[in-house]
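**Student:** Quick note: the sequence shown uses numbering that gives the first Met the number 0, first residue 0, plus one each step.
Backbone N, C-alpha and C fix where the C-beta goes; we use that ideal spot for every residue, glycine too.
This structure is a prediction, so every number in the text was calculated from the model and none was measured.
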Amino acid sequence: MEYLERRVALVNDRLEEVVAAVEPGELGEELRHVALSGGKRVRPAVTILVCEAVGGTPEDAVDFAVAVELVHNASLVIDDIIDRSDVRRGTASAWTAFGYGPAIICSDGLLGEAFALLSANEQATQIVAESMVELGEGEATELVARPTNEREYMELARRKTGALFRAAAELGAVAGGADPFAVEAFGDYAQRVGVAFQIRDDVLDATADADELGKPTGQDAEMDRPSVVQVTDLAPEAANERARTEADRALDALDATGVDDSEALGYLRDLAEFVVVRER
0 MEYLERRVAL VNDRLEEVVA AVEPGELGEE LRHVALSGGK RVRPAVTILV
50 CEAVGGTPED AVDFAVAVEL VHNASLVIDD IIDRSDVRRG TASAWTAFGY
100 GPAIICSDGL LGEAFALLSA NEQATQIVAE SMVELGEGEA TELVARPTNE
150 REYMELARRK TGALFRAAAE LGAVAGGADP FAVEAFGDYA QRVGVAFQIR
200 DDVLDATADA DELGKPTGQD AEMDRPSVVQ VTDLAPEAAN ERARTEADRA
250 LDALDATGVD DSEALGYLRD LAEFVVVRER
């Protein structure tokens, strides 16, 4: 675990630097509240691990890793406003702490800082911009064109969650100088991990204890949100099996990258296994 913790610490240190430079100070404090209040840092870890797997170093990918985490946090701020969620990661959500207007500005600030980090690389900027289009379309679909079956749910999960996971992996591959085939294969791996992650997230919302999860549970049912257990006939156990299938396909995509075995690649395999059994 020390191997992974060092890489997450690198991301957190860079996040601290980015947030500390934000002006005015009030906006910086809001960004700090959101970006540094915890979180699993799964997406930035994927960015760094993929970069290493293709022959790069953590330092090559850290700015891209921080950028993808900032985009993710910006989306969570808006999610909490839509859902009226008071708590995020065991602390007050942005709109609860600062009000609706400042929370929206905070989300904008997070996105601005993300694209400032990406701006030196045209391909990286395009990757994240495309993922945000998918994310936005997914969020809009959730609000206005509710899925009614498993196929439609899986497409929603791909857009809402899988797209940003894909971007995280593709950024790492680009940072490490990978060829286009490897960039695509790592993206496919991460997208499937993201879908599995979303399915498991839905199951946890329906079955987990709120204190253990670190955020309110039962939100999908309360908000009539199209989770896997709300819009399909799948019981939680069967939904977990669907997540397992996506994880297995992610592992197949990882094998297809053709890169040499390494510690980084081993952690990427472990991630695909972990997302389907996690309890938080």
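#1: Would you mind reading off the limits of the alpha helix (DSSP H) that contains Asn72?
#2: Name the two residues that bound the continuous alpha helix (DSSP H) containing Ala144.
#3: Using the beta-carbon count (16 or more within 10 Å), is Thr147 buried or exposed?
#4: Helix, strand or coil for Arg88 per DSSP?
#5: Any chance the region 195 to 207 sits against the region 171 to 178, with 3 or more Cβ pairs inside 8 Å?
#6: So, under 8 Å CB-CB, Ala195 and Ala246 are touching, yes? Tell me the CB distance rounded to an integer number of Å.
#7: Tell me which same chain residues have a C-beta within less than 6 Å of the C-beta of Gly161, skipping the five on either side of it?
#8: I need the straight-line Cα distance from Val17 to Ala66, nearest angstrom please.
#9: Using a 10 Å radius around the Cβ and a threshold of 16 neighbouring Cβ atoms, would you call Arg128 buried or exposed?
#10: Going by C-alpha distance, which of Ala184, Arg241, Arg277, Tyr266 is nearest Asp254?
#11: Taking the continuous alpha helix (DSSP H) assigned at Val49, which residues delimit it?
#12: How long is the line joining the alpha carbons of Val70 and Leu110, rounded to whole angstroms?
#13: Mapping DSSP to helix, strand and coil, what is Leu233?
#14: Would Gly108 pass as a contact of Val10 if the rule is Cβ separation under 8 Å?
#15: Helix, strand or coil: how does DSSP classify Val274 here?
#16: Please tell me whether Asp47 and Arg6 are closer than 8 Å, where the distance is taken between their beta carbons.
#17: Are the CB atoms of Arg40 and Glu1 nearer to each other than 8 Å?
#18: Check whether the Cβ atoms of Arg158 and Glu133 sit closer than 8 Å, and answer yes or no.
#19: Classify Glu58: buried if its beta carbon has 16 or more other beta carbons within 10 angstroms, exposed otherwise.
#20: Quick check on the DSSP output: what are the complete alpha helix (DSSP H) runs of length 4 or more inside the region 142 to 187, in order along the chain?
#21: State the CB to CB distance for the pair Cys105 and Glu29, rounded to an integer number of angstroms; the pair is presumed to be in contact (CB under 8 Å).
#22: In terms of alpha-carbon separation, which member of Ala234, Ser74, Asp260, Cys50 lies closest to Phe63?
#23: Indicate whether Asp201 and Ala234 have their beta-carbon atoms separated by less than 8 Å.
#24: Could you tell me the alpha carbon to alpha carbon distance between Gly54 and Leu142, rounded to whole angstroms?
#25: Is Val227 near Ile198, with beta carbons less than 8 Å apart?
#26: Assuming Ala263 and Leu250 make a contact with CB atoms under 8 Å, what is their CB distance in whole Å?
**Tutor:** To lay it out plainly:
#1: 57 to 82
#2: Premise fails: Ala144 is in no alpha helix (DSSP H) and is neither H nor E.
#3: exposed
#4: In the three-state reduction of the DSSP assignment, Arg88 falls in the coil class, being assigned neither a helical nor a strand state.
#5: no
#6: 5 Å
#7: Gln190, Gly193, Val194
#8: 10 Å
#9: According to the sequence shown, residue 128 is Ala rather than Arg. So Ala128 ends up on the exposed side.
#10: Ala184
#11: 41 to 52
#12: 6 Å
#13: Coil, per DSSP.
#14: The answer is no: Cβ separation not under 8 Å.
#15: In this structure, Val274 counts as coil in the three-state DSSP scheme.
#16: The amino acid occupying residue 47 in the given sequence is Ile; Asp does not appear at that position. A contact, by the Cβ cut-off of 8 Å.
#17: no
#18: yes
#19: exposed
#20: 149 to 156, 162 to 174
#21: 4 Å
#22: Cys50
#23: Their beta carbons are not under 8 Å apart, which means Asp201 does not touch Ala234 by this criterion.
#24: 41 Å
#25: In this structure, Ile198 lies closer than 8 Å to Val227 by Cβ.
#26: Ala263 to Leu250, Cβ: 15 Å. No contact.
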